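Shown next, in structure tokens, is the structure this report addresses.
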Amino acid sequence: MGGPMDACAYDRSTAAGSLPTGYDELMQSAVGKKPLRLAKTEPFIQCDACKLAANEAWLQVAKKAEELPKGGLGEVEIGEILDLICDADDDLGEWIPFYDIEQKDGEVTLQKREELGECRKECSTVIHACRAVFEEYREDLSEMLFKHYRLQGDGDGTKNRLSPEKFTSRLCNKMSKVCPGKWPGGQGSVGAVGGMLTFQESKSRPELASKQK
């Protein structure tokens with residue numbers, strides 16, 4: 000598959016090849032040039048964006064499941080959440096403006112900041128990367144999460160149950176392949192993104208505190 004989904008074609012840890020292009024784009028945006036998004040930088044943050052979005056989707060679906068009566072969570076409710084996870088103007092996409100795109104030691108990553116920022120070029124880049132995955136795999140994700148909660152309601156054991164890690168891996172590594180198992184050049188497995196929360200931790204997150212009431 001071509002286009003923005005070909006994350007495997009990029010080596011985010013080397014200074015040669017494509018990385019200077021993305022780095023130059025970051026520098027240009029810092030001195031006043033205003034592209035709608037950082038298109039050349041986007042391939043380097045696709046994996047991080049996917050993991051963060053998948054984690055957020057998991058948290059929000061888990062929260063909705065707690066709010067509804069047992070068995071009340073259906074594919075419609077799950078689909079409504081997935082539709083808004085990549086929308087920075089909605090509460091469900093409020094996680095996006097908390098992340099900056101940073102370049103350090105030859106690597107472009109998403110780094111969480113303490114306060115909510117304005118949604119400009121970097122935010123638009125994360126949104127585009129998020130939507131590229133979620134819009135394509137929305138139905139698969141909705142079905143996957145629905146089956147998880149149906150099995151949970153039926154008292155199924157842990158063997159067939161999803162976990163946040165399995166859900167993220169299926170979406171970002173297996174389905175969309177924006178997170179390869181190893182980066183080119185033997186740089187090792189892609190790790191977790193800093194700032195990802197568990198459902199219990201999300202209950203104390205400032206920007207979600209009001210939503211837990």
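Be aware that the sequence shown starts at 0, since it is given in numbering that gives the first Met the number 0, and climbs by one per residue.
Ideal Cβ placement from N, Cα and C applies to all residues, glycine included.
Computed from a predicted structure; not experimentally measured.
Under the DSSP assignment, GLU101 falls in the beta strand (DSSP E) whose first and last residues are 98-103. Residue state for THR40 is assigned as coil, using DSSP reduced to three classes. Here ALA56 is not near LEU72, since their CB atoms are 8 Å or more apart. Judged by DSSP in its simplified three-state form, GLU106 adopts strand.
The C-beta of PRO68 has fewer than 16 other C-beta atoms within 10 Å across all chains shown, which makes the residue exposed. Residue burial is scored here from C-beta neighbours: LYS39 has at least 16 other C-beta atoms within 10 angstroms and is therefore classed as buried. Among the bridge pairs identified by DSSP, LYS111 is matched with TYR98. The C-alpha of CYS122 lies about 24 Å from the C-alpha of PHE166. Out of LEU170, CYS171, VAL132, GLY105, the CA that lies nearest to the CA of CYS85 is found in VAL132. When secondary structure is reduced to three states using DSSP, LYS176 falls in the coil class, being assigned neither helix nor strand.
Under the three-state reduction of DSSP output, GLY116 falls in the coil class, being neither helix nor strand.
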